[in-house]
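A quick write-up on the structure given underneath.
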Amino acid sequence: MPIIRPPSPASNILADRTSLGVRLRGLRRGRSMTLKELSALTGVALSTLSKMELGQVSISYAKFAAVARALEVDIAHLFGPVNAPDSNSPPPTAMRCTLAESPGYLTGTYDYKLLAGHYPQRSMTPMYGRILARDAAEFDDYMRHAGQEFLVVLEGELEIRFENGESLVLARHETAYFDSGVGHIYLSRSAQPAEIMVVMTGGA
1 MPIIRPPSPA
11 SNILADRTSL
21 GVRLRGLRRG
31 RSMTLKELSA
41 LTGVALSTLS
51 KMELGQVSIS
61 YAKFAAVARA
71 LEVDIAHLFG
81 PVNAPDSNSP
91 PPTAMRCTLA
101 ESPGYLTGTY
111 DYKLLAGHYP
121 QRSMTPMYGR
131 ILARDAAEFD
141 DYMRHAGQEF
151 LVVLEGELEI
161 RFENGESLVL
171 ARHETAYFDS
181 GVGHIYLSRS
191 AQPAEIMVVM
201 TGGA
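The opening position of the sequence shown corresponds to residue 1 in full-length UniProt numbering, with each subsequent residue numbered one higher.
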């Protein structure tokens, strides 16, 4: 079984809202699905989905995951084109990727990159993140998505704040594991934005 590398797209820059919106619209229309139908499947307001397709709003991971589930695609398809695996080729043993090669997206609160998005039939969603937010008021709501979440702080200090009032403050090289279905947000508590590696399972 080979060790593979992902294709080298022009993804060493962060994807913009417009290009993500175009991909979302293309995937939705390719399934002959209306915005109203997609809204019903995702729980995301129709007006928000419309703004997402027009590139008028930032998209949180929770919304990415919900839309990907409804469209029955891997979340990587929303970040960029994904080549279908060759059915005649054996599955890869491993995939190597770098942050520079990985597609990313910048919101007002996070700068994140999807890692190993081209690995076929992934059961985990690994991501790198820079946490820009420092105050809960910067978020419209807590993030919630199916599954579990593990993270390690690479640099800086991070607070994970949960909607039930609990919180964790993690220093460099400390880790946390939690239920992603419990609303949560990430906040930097260091002078520079905290950097994290996070792995999500279930419904991603």
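Think of the CB as a built atom: it goes at the ideal place given N, C-alpha and C, for glycine as much as any other residue.
Here the structure is a predicted model, which is why all the values come from computation and not from measurement.
Proximity of the region 150-161 to the region 179-190 meets the contact definition, three or more beta-carbon pairs being nearer than 8 Å. In the three-state reduction of the DSSP assignment, residue 107 falls in the coil class, being assigned neither a helical nor a strand state. Leaving aside the five residues that flank residue 63 on each side, the residues in its chain whose CB is nearer than 8 Å to its CB run, in chain order, 42, 44, 48, 52. Contact annotation, residue 150 with residue 198: C-beta distance approximately 7 Å; criterion of less than 8 Å satisfied.
By the criterion of a C-beta distance shorter than 7 Å, residue 60 is surrounded in its chain by 107, 143, once the five residues flanking it on both sides are discounted. Between the region 102-117 and the region 173-181, the count of C-beta pairs closer than 8 Å stays below three; the two stretches do not touch.
For residue 30, the number of other beta carbons within 10 angstroms of its own is below 16, and it is reported as exposed. Note on residue 78: 16 or more other CB atoms within 10 angstroms of its CB, so buried under the neighbour-count rule.
Take the alpha-carbon of residue 75 and the one of residue 171: they are about 29 Å apart. Under the three-state reduction of DSSP output, residue 23 falls in the helix class. One thing to note: residue 147 has its Cβ no nearer than 7 Å to the Cβ of residue 104.
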